[in-house]
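With the first letter of the sequence shown counted as 1, position 38 gets the number 37 in numbering that gives the first Met the number 0; the numbers rise by one all the way through. The C-beta atom is built at its ideal place from N, Cα and C for all residues, glycine as well. Working notes, beginning with the structure itself.
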Amino acid sequence: MVARTHYFLQQALRSMRHAPWVQLVAVSTIGISLLVLSSMLLVLRNIDALSSAWGQQVRLVVFVRAGELDPTRDALKRSLAELPEVESVAVRDREVAFAEFKAALGNDDVLVDGIDASLLPSAIELTLRPEHRNPAALSSLAERVATLQGASAIEEVAYGQDLLEKLSKLRDGLRDLGLIIATLVILAVIFIVSNTVRLAMFARREEIEIMHLVGATAGFIRAPFYIEGAIQGAMGAAVAMALLFTLWRTLSPDGESVLRFELGYLPFEFLPTPIIAALVLGTSLVGIIASHFAVGRFLRGSPSS
């Protein structure tokens, strides 16, 4: 069994060495096609990470009308604290909110000089339990807050809903686009590998005819071409991963898993090993399937078949 496998591998490598430029074009084209798909996966993975990170930090903020009496605000705070989704409740006075706003402006804090802190509303921040930190739970809770005791003191309820909804729509759109790209990449790999294998079979058609005449089975003839298709797929995937890693390190030259922006940090992690392995193995499998189709068509058209 080992000797036969070694023979099949030798035949596959010999076939590839006989047409190096064809192999180079095939592997490069597969690599570029797969680079598009893997780039989409990289972006989607980091958007998921960003959504999860923001979801863990999200707060539901209840703004209280200016001039509301303390008993009303206290009743509202107690009602909010009793909600089963709420982990903790914190009251932020307008003076604290104004100081944080000025600090966020940095050197531009002179823009708010002369503005009275009383113009800002007081706020009650709700930290939710981990299982409820998602857009659907936040939206449902925001609607329920308006029905609580003391709700008359509420001016507005906010939780960054616009940003979360846009991020969710972007993620869903990228997933749909990723499925389309994956389908196109699979078709491209099948087309490239099958045509490359057919060229190799035409180059060795006399050898294949002789193998037919001496009684070689179809499986014996097919095996080297299956290996060739698998190698082409794996090499194309390796090229794509190398290019993607180079692009990732260009955007994150210090190797950290974040991108720095003026407003903070965004996660930017490379694809995990299981996804990379799945891409390589999956592309190899597609290469084998493409080789199977190409060899089958060639053998059916052979006079000795």
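- Its Cα nearest to that of Leu-173, the residue Leu-40 stands out among Ala-229, Val-279, Val-294 and Leu-40.
- Leaving aside the five residues that flank Arg-299 on each side, none in its chain has a CB nearer than 6 Å to its CB.
- In the structure shown, Thr-4 adopts helical secondary structure according to DSSP, grouped into three states.
- With fewer than 16 other Cβ atoms inside 10 Å of its own Cβ, Val-24 counts as exposed.
- Between the segment 177–196 and the segment 204–213 there are fewer than three inter-stretch CB-CB distances shorter than 8 Å, so the stretches are not counted as touching.
- CA-CA distance, Pro-271 to Leu-183, rounds to 23 Å.
- In this structure, Gln-22 sits near Thr-195, with a CB-CB distance shorter than 9 Å.
- Comparing C-alpha distances from Val-85 to each of Leu-125, Leu-49 and Val-60 shows the shortest one belongs to Leu-125.
- Around Leu-169, the same chain offers Ile-46 as residues with beta carbons nearer than 8 Å, after the five sequence neighbours per side are excluded.
- Taking the Cα of Thr-245 as reference, the smallest distance to any Cα among Ala-11, Tyr-6 and Leu-34 is reached at Leu-34.
- The closest CA to that of Ile-123, considering only Pro-83, Leu-79, Leu-137 and Ala-135, is found on Leu-79.
- DSSP, read as helix, strand or coil, puts Ser-251 in coil.
- Distance from Leu-250 to Ala-141 at the Cβ level is roughly 36 Å; contact not present, criterion being Cβ atoms closer than 8 Å.
- Residue state for Ala-199 is assigned as helix, using DSSP reduced to three classes.
- Between His-17 and Phe-219, the alpha-carbon positions lie close to 20 Å from each other.
- Judged by their CB atoms, Ser-32 and Ala-136 are not nearer to each other than the 9 Å cut-off.
- In the three-state scheme derived from DSSP, where H, G and I count as helix and E and B as strand, Phe-62 is classed as strand.
- Inter-residue distance for Leu-36 and Ala-74 is about 54 Å (C-alpha atoms, whole angstroms).
- Shortest Cα-Cα distance from Arg-44 to any of Val-285, Arg-13, Leu-280 and Ile-274 involves Ile-274.
- In terms of Cβ geometry, Leu-280 and Ala-239 do not form a close pair [threshold 9 Å].
- Separation of Ile-185 and Ala-276 (C-alpha to C-alpha, rounded to the nearest whole angstrom) is 16 Å.
- Glu-268 and Ser-167 have their C-alpha atoms some 19 Å from each other.
- Distance between Ile-287 and Phe-224, taken at the CA atoms: about 8 Å.
- The DSSP assignment places 204–212 as complete runs of the alpha helix (DSSP H) inside the segment 169–238, in order along the chain (cut-off: 4 residues).
- The straight-line gap separating the alpha-carbon atoms of Ser-193 and Ala-48 is approximately 38 Å.
- Counting only residues of its own chain and dropping the five nearest sequence neighbours on each side, Phe-297 has a CB closer than 7 Å to the CB of Arg-197 and Met-200.
- Between the C-alpha atoms of Thr-4 and Ala-222 there is a straight-line separation of about 9 Å.
- The closest CA to that of Val-26, considering only Ile-189, Glu-154 and Ser-139, is found on Ile-189.
- Of all alpha-carbon atoms in Ala-202, Thr-28 and Val-63, the one lying nearest the alpha-carbon of Met-15 is that of Ala-202.
- Gly-228 is positioned such that its CB atom lies closer than 9 Å to that of Ser-290.
- At least 9 Å separates the beta-carbon of Val-294 from that of Gly-232.
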